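Chains as they are written, first to last, in full-length UniProt numbering: chain G, 1 to 219; chain X, 1 to 219. Data block below; observations after.
Number of protein chains: 2
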Amino acid sequence: MKLKSMDISATASASTIVFNALRKAIIEGQLEEGEPLRQDEIARLFNTSRIPVREAISRLQEQGLVRTQRYKGAVVAGLSPKETAEIFDLRALVEPEIIRDAVPRMSKELLAEAREKCAAFSSATDPMAYGDLNRDFHETLYSASELKFFQEIADNAIDRVERQIRAQLVMSNGMERAGREHFGILEACENGDADLASKLTRDHIQGAKASLLKHLKQD
Amino acid sequence: MKLKSMDISATASASTIVFNALRKAIIEGQLEEGEPLRQDEIARLFNTSRIPVREAISRLQEQGLVRTQRYKGAVVAGLSPKETAEIFDLRALVEPEIIRDAVPRMSKELLAEAREKCAAFSSATDPMAYGDLNRDFHETLYSASELKFFQEIADNAIDRVERQIRAQLVMSNGMERAGREHFGILEACENGDADLASKLTRDHIQGAKASLLKHLKQD
DNA sequence: ATATTGAATATTGGATCCAATCTGGTTTAT
DNA sequence: ATAAACCAGATTGGATCCAATATTCAATAT
């Protein structure tokens with residue numbers, strides 16, 4: 001008798017677990033900019049040795065989420081206002097292309113799911129959840145696209161400014177404006193208007209950039 | 001007596017040396033697609049232990065240059081024709097923006113250097129050097145741009161298709177056409193015409209993509 | 001002959017130990 | 001008092017060793 005193939009979900013390696021946990025902690029702002037990542041301390045936290053921690057850190061460095069100096073260790077990477085602006089410009093270039101590719105591939109089910117997430121975002125009351133709900137909505141729409149490298153770029157770019165996005169959402173009008181723009185993007189998707197969805201996505205990102213930069217004085 | 005601060009050029013760590021060497025070997029095609037990277041073998045090659053090798057491999061994985069499977073190791077990543085096409089589309093989106101940003105920042109010296117490299121490319125006779133000379137020309141122009149994240153994206157994208165670019169250059173007309181287009185781009189830069197330089201860069205990339213895809217049957 | 005089992009080998013993932021470098025406070029010379 | 005020299009702890013980079021898993025191939029059963 002033959003058994004089903006079962007796929008034991010491949011319990012991730014320690015280095016991957018540490019990598020994901022640190023990445024999450026960084027983009028959610030639980031670890032502040034400039035805060036040093038002590039290998040020993042992290043290893044104890046995860047009940048492992050420093051080896052998988054070092055692998056995780058080197059991957060985070062490759063993603064630009066931490067900076068390391070030889071014999072001095074890694075610190076959470078911060079962004080200058082100029083760098084933040086550049087990341088938003090990159091997003092404003094790439095993400096409209098993703099959604100343009102995605103629109104003709106969106107199923108009824110996906111659009112229904114997106115509508116739910118759009119509503120969940122607009123009715124959210126816990127500021128801690130704003131960031132996740134926002135990202136959840138956008139990624140749902142993007143997931144219909146087959147442009148996986150574009151999505152990699154967008155994911156990484158969003159990672160790098162996730163903290164600023166969260167800050168922007170709790171600013172006055174942040175949630176209200178984002179919610180309105182989300183509905184507009186969603187509607188364009190439902191109407192199959194890829195060009196409009198693309199344009200609204202670009203406006204959404206550039207609006208967030210402008211709103212954010214107003215609050216960042218120095219350079 | 002005090003010594004000059006001397007900056008011993010920070011003799012890179014072993015893991016960085018291995019990372020750079022492997023990256024170079026992969027993008028130059030010395031390691032073929034699907035070829036497994038044996039930690040032990042690489043460690044012996046560089047007279048180190050497997051620890052820095054593993055760090056190097058995890059960084060290469062993060063860059064998409066290798067794929068790894070748990071307990072099975074890493075293999076050099078290959079690209080399907082569809083993936084190759086997507087990378088070229090990404091380049092065609094990002095690199096025109098880089099050169100648009102770069103043109104108004106190009107000094108006389110930089111333009112002279114670019115002209116030399118353009119000529120060096122056109123008069124090259126060694127097919128082994130085509131790839132380096134091509135990249136050298138483009139990176140010289142791009143280096144005037146202040147968009148460092150855009151450049152990161154472009155660098156990584158070029159890394160991933162470097163082998164195909166080299167193949168395309170040795171194909172009939174490859175060098176001749178590229179050389180002609182390089183001169184066009186350079187001229188636009190010298191004339192300070194950022195829009196034209198941007199457009200020609202996009203055409204250059206899309207032309208390379210088209211020429212390449214004609215030779216890739218399956219998907 | 002073919003397919004399955006199982007042991008030997010190869011290879012990766014991780015832990016522990018050592019060496020190299022950094023950091024901070026203390027000492028010492030002027 | 002100030003600044004250079006220096007010593008001790010902290011921290012990172014790397015080597016060696018062990019455990020977990022994969023792969024290969026011979027032995028066996030059908």
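Here a beta-carbon is modelled for each residue, glycine too, at the ideal position from N, C-alpha and C. From a predicted model like this one, the values you see are computed outputs, not experimental measurements.
Residue environment, Asp40 (chain G), which counts as buried when at least 16 other CB atoms sit within 10 Å: exposed
For Thr84 (chain G), which three-state DSSP category applies? helix
Cβ contact check for the stretch 65–78 of chain G and the stretch 92–106 of chain G: 3 or more pairs under 8 Å: no
C-alpha gap between Gly78 (chain G) and Glu33 (chain G), whole angstroms: 5 Å
Verify the CB distance criterion: does Gln66 (chain G) have a CB-CB separation below 9 Å to chain X? It is worth fixing the name first, because residue 66 (chain G) is Val in this sequence and not Gln. Not an interface residue.
Taking Asn134 (chain G) as the reference, which of G:Glu181, G:Glu152 and G:Phe88 has the closest Cα? G:Glu181
Do we get a CB-CB distance below 9 Å when we pair Gln39 (chain X) with the residues of chain G? no
Which of the three DSSP states is assigned to Leu133 (chain G) in this structure? helix
Restricting to Cα atoms, I'd like to know which of X:Lys214, X:Tyr71 and X:Glu109 is closest to Gln164 (chain X). X:Lys214
Using a threshold of 9 Å, state whether the C-beta atoms of Phe19 (chain G) and Leu45 (chain G) are closer than that. no
Whole angstroms are fine: how far does the CA of Tyr71 (chain G) sit from the CA of Ser15 (chain G)? 21 Å
Just checking my contact of Arg100 (chain X) with Ile205 (chain X) at CB under 8 Å: how many whole Å lie between their CB atoms? With a Cβ gap of about 14 Å, Arg100 (chain X) and Ile205 (chain X) do not count as contacting.
Mind checking if Lys148 (chain G) is an interface residue toward chain X, Cβ cutoff 9 Å exclusive? yes
Flag this pair as yes or no: are the beta carbons of Asp159 (chain X) and Arg23 (chain X) separated by less than 9 Å? yes
What do you get for Val170 (chain X), buried or exposed, if any count of 16 or more other CB atoms within 10 angstroms of its CB means buried? exposed
Can you name, in chain order, every residue of its own chain whose Cβ lies under 6 Å from the Cβ of Pro96 (chain X), other than the five neighbours on each side? Ser198, Thr201 and Arg202
In terms of residue numbering, what span does the beta strand (DSSP E) encompassing Ile75 (chain X) cover? Sequence check: residue 75 (chain X) is Val here, not Ile. Element bounds for Val75 (chain X): Gly73 to Val76.
In three-state terms, what does DSSP make of Phe68 (chain G)? Position check: residue 68 (chain G) holds Thr in this sequence, whereas Phe was assumed. Reduced to three states, the DSSP call for Thr68 (chain G) is strand.
Determine the extent of the alpha helix (DSSP H) in which Asp203 (chain G) is found, giving its start and end residues. Ala194 to Leu213
Can you give me, in chain order, the residues of the stretch 52–64 of chain X that have a beta carbon less than 8 Å from any beta carbon in chain G? Arg54, Glu55, Ser58, Arg59, Gln61, Glu62, Gln63 and Gly64
Taking 9 Å as the CB-CB cut-off, is Arg100 (chain X) touching chain G? no
What's the call for Thr11 (chain G), buried or exposed, on a 16-neighbour Cβ count within 10 Å? exposed
Cβ closer than 8 Å: which chain X residues qualify as neighbours of Glu35 (chain G)? In chain order: nothing, as chain X lies at least about 21 Å away.
In chain order, what residues of the stretch 117–150 of chain G put their CB closer than 9 Å to some CB of chain X? Glu146, Leu147, Lys148, Phe149 and Phe150
Within 10 angstroms of its Cβ, does Gly179 (chain X) collect 16 or more other Cβ (buried), or is it exposed? buried
If we ignore side chains and look at the alpha-carbon of each, how far apart do Glu35 (chain X) and Val75 (chain X) end up? 5 Å
Measure from the C-beta of residue 293 (chain G) to each C-beta in chain X and report whether the shortest distance is under 9 Å. Because residue 293 (chain G) is not part of the residues shown, which for chain G are 1 to 219, the question remains open.
So Ile87 (chain X) contacts chain G; which residues on that side make the cut at Cβ distance below 8 Å? Phe149
Backbone CA spacing between Phe17 (chain G) and Glu109 (chain X) [nearest angstrom]: The question names Phe, yet the displayed sequence has Ile at residue 17 (chain G). Rounded to the nearest angstrom, the two C-alpha atoms are 49 Å apart.
Residues sharing a beta bridge with Pro52 (chain X), DSSP: Paired residue(s): none; Pro52 (chain X) is not in a bridge.
Cβ of Lys86 (chain G) within 9 Å of Cβ of Phe149 (chain X)? Contrary to the premise, residue 86 (chain G) reads as Glu rather than Lys in this sequence. Yes, Cβ-Cβ distance for Glu86 (chain G) and Phe149 (chain X) is below 9 Å.
Note the first and the last residue of the continuous alpha helix (DSSP H) segment covering Gly29 (chain G). No alpha helix (DSSP H) holds Gly29 (chain G); DSSP gives it neither H nor E.
Report buried or exposed for Asn84 (chain G), applying the criterion of at least 16 other Cβ atoms within 10 angstroms of its Cβ. The question names Asn, but residue 84 (chain G) is Thr in the sequence shown. Buried, since its Cβ has 16 or more Cβ neighbours within 10 Å.
With a threshold of 9 Å between beta-carbons, can Glu187 (chain X) be considered close to chain G, or not? no
State the Cα-Cα distance for the pair Ala188 (chain X) and Leu147 (chain X), rounded to the nearest angstrom. 20 Å
Under a three-way DSSP split, which group does Leu79 (chain X) fall into? coil
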